[in-house]
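Residue numbers (my numbering), protein chains in the order written: chain D, 1102 to 1234; chain B, 1102 to 1234; chain U, 1102 to 1234; chain P, 1102 to 1234.
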DNA sequence: GTGGTCTAGACCACA
DNA sequence: GTGGTCTAGACCACT
């Protein structure tokens, strides 16, 4: 089963950013493996019904961030770079993000259980994105 | 000690939204009490070194959402209303926070499962704080 | 005297990259100071006679690399971030780059003196870019 | 031990140019001697896992520049010509190397002056190597 | 075929 | 006024 892309045009998140996030998510969760080829710019532009330049912009940000690497005329591939971030930084970052997240939802008056449910729902959607746009 | 405002010009979050969020957060955490007076638009614009219109926009959104009351010529006060956050805003906020959270952990190369575990651990710690912490 | 931009359309280096490099150079050599404002996208597009999007692309790469930071509606400013790179890394990088450079010119059969002259010439050009494009 | 080829897919340098540069470098440093035979197009394409046309393009540029001679049906050989690098190519190469060098040190946040000093120091060391190094 | 660069022009969000 | 996003379409370099 291939890695799927999809766009949500109601979320207010720019298309190109949705694509960037989707790839990062795929890489982080090993749905996209190092060396794996991404769809061509043209192909994805047809699939997602958006302009070619929008895809190109997303891919070029991914390249700049070292997440993919691009060989002109050949394609775009998930970078071989194992996590650039060292494990201790990763752990610290994770804790910080978790604490901030829990603080923010409590500031909104949201119970932790509700947040967990929401996270799981979004997670499920991301694992199996809907076909439509 | 007074409730403080500050702006982060690196986060990419618009100034007016940072102000709105700050007030909501303050109210939710009882750092701003019902009836308490907010700084004047003019004062805050000087303090934060931003345009007057930017502050005005933030206050007007807060007014619209019933979080503050503006008395012409007197000032802006935290509303007496208990239910500061309306459910649809709450839902939107929750989704946004969850999406951002998942994006950020992905960017750190952390799998969603790891993050869930971390969240649960922190949550458990907060419910049953160890002595001394 | 203001920091000047200029484009060389013969070098084969893309316009947007020339702009990126120019800013990085300016920051590294303290011709652009932290907090200093860059020309607006529109202004620079007029000055350099290139499309608005080309400038925007350059600025957006600079933003992504943390060299500038952007506040929508306000402008683009040189980032306050003091060199993200720690000094020992900097020193190591410098030595590596210098060695590689000396190796490469000798591989081309170029004497060190010639290279120094060329470096100084380019350096002079960059300090005082020609008015034309 | 044979002269080795390798490709770096992260550098952004086109494959064909990497091959051209590698041969020039080998010739300049006498790792490839006049009359020595290069791998066949077919062989190299297998070794490097790139398209046959890419190798062919590299060899054809080398032929055009007089660096190698191709004997139909026999193979490709390093040219007997002394002056492998023609002056205009040399000049272009020098400029490109200098520009890249200045860009890279800027990206490290190093001032041009510091780099000049470092270059001179390394140069001096190389001219008068310390005992033991 | 692949990706990269650039233009012209539209519309939106923010200060 | 500022920057951000997106489209449509052209042309180029590389495989």
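We treat Cβ as the ideally placed atom computed from N, Cα and C, and that holds for glycine.
All values reported here derive from a predicted model rather than from experimental measurement.
Tell me the rounded alpha-carbon separation between residue i and residue j.
i: residue 1223 (chain B); j: residue 1214 (chain D); result: 13 Å
i: residue 1114 (chain P); j: residue 1202 (chain D); result: 42 Å
i: residue 1173 (chain B); j: residue 1137 (chain B); result: 16 Å
i: residue 1228 (chain D); j: residue 1197 (chain D); result: 25 Å
i: residue 1112 (chain U); j: residue 1226 (chain U); result: 14 Å
i: residue 1179 (chain D); j: residue 1218 (chain D); result: 31 Å
i: residue 1193 (chain B); j: residue 1147 (chain U); result: 41 Å
i: residue 1156 (chain B); j: residue 1181 (chain B); result: 22 Å
i: residue 1108 (chain B); j: residue 1129 (chain U); result: 27 Å
i: residue 1167 (chain B); j: residue 1118 (chain B); result: 16 Å
i: residue 1175 (chain D); j: residue 1110 (chain P); result: 11 Å
i: residue 1216 (chain P); j: residue 1150 (chain P); result: 38 Å
i: residue 1230 (chain D); j: residue 1204 (chain B); result: 15 Å
i: residue 1191 (chain B); j: residue 1191 (chain U); result: 47 Å
i: residue 1187 (chain U); j: residue 1187 (chain D); result: 16 Å
Find the nearest neighbour of residue i within the set the options, judged by alpha-carbon distance.
i: residue 1140 (chain D); options: D:1120, D:1189, D:1112, D:1217; result: D:1120
i: residue 1132 (chain B); options: B:1156, B:1103, B:1155; result: B:1103
i: residue 1163 (chain P); options: P:1142, P:1108, P:1109; result: P:1142
i: residue 1199 (chain B); options: D:1193, D:1195, D:1206, D:1194; result: D:1206
i: residue 1153 (chain U); options: U:1216, U:1193, U:1116; result: U:1116
i: residue 1160 (chain D); options: D:1144, D:1177, D:1192, D:1129; result: D:1177
i: residue 1135 (chain B); options: B:1151, B:1170, B:1110, B:1105; result: B:1170
i: residue 1145 (chain D); options: D:1130, D:1105, D:1129; result: D:1105
i: residue 1195 (chain P); options: U:1220, U:1130, U:1187, U:1165; result: U:1220
Please classify residue i as buried or exposed, where buried requires at least 16 other C-beta atoms within 10 Å of its C-beta.
i: residue 1158 (chain D); result: buried
i: residue 1189 (chain U); result: exposed
i: residue 1165 (chain B); result: exposed
Taking contact to mean 3 or more Cβ pairs, one atom from each stretch, closer than 8 Å, check whether the stretch 1116–1134 of chain D and the stretch 1197–1217 of chain B are in contact. yes
### Task
Note down, in chain order, all residues in the stretch 1160–1188 of chain D with a beta-carbon under 9 Å from any beta-carbon belonging to chain U.
1161, 1162, 1165, 1166
Of the residues that make up the stretch 1196–1207 of chain D, which ones have a beta carbon closer than 7 Å to any beta carbon in chain B? Answer in chain order: 1196, 1198, 1199, 1200, 1202, 1203, 1205, 1206.
Review point. Residues in the stretch 1205–1228 of chain B with C-beta within 8 Å of chain D's C-beta atoms, listed in sequence order?
Key: If you check each beta-carbon in the stretch 1205–1228 of chain B against every beta-carbon of chain D, the ones closer than 8 Å belong to 1205, 1206, 1207, 1208, 1209, 1210, 1211, 1212, 1213, 1215, 1216, 1217, 1219, 1220, 1223, 1224, 1227.
Which residues of the stretch 1107–1125 of chain B have a Cβ closer than 7 Å to any Cβ of chain U? Give them in chain order.
1110, 1111, 1115
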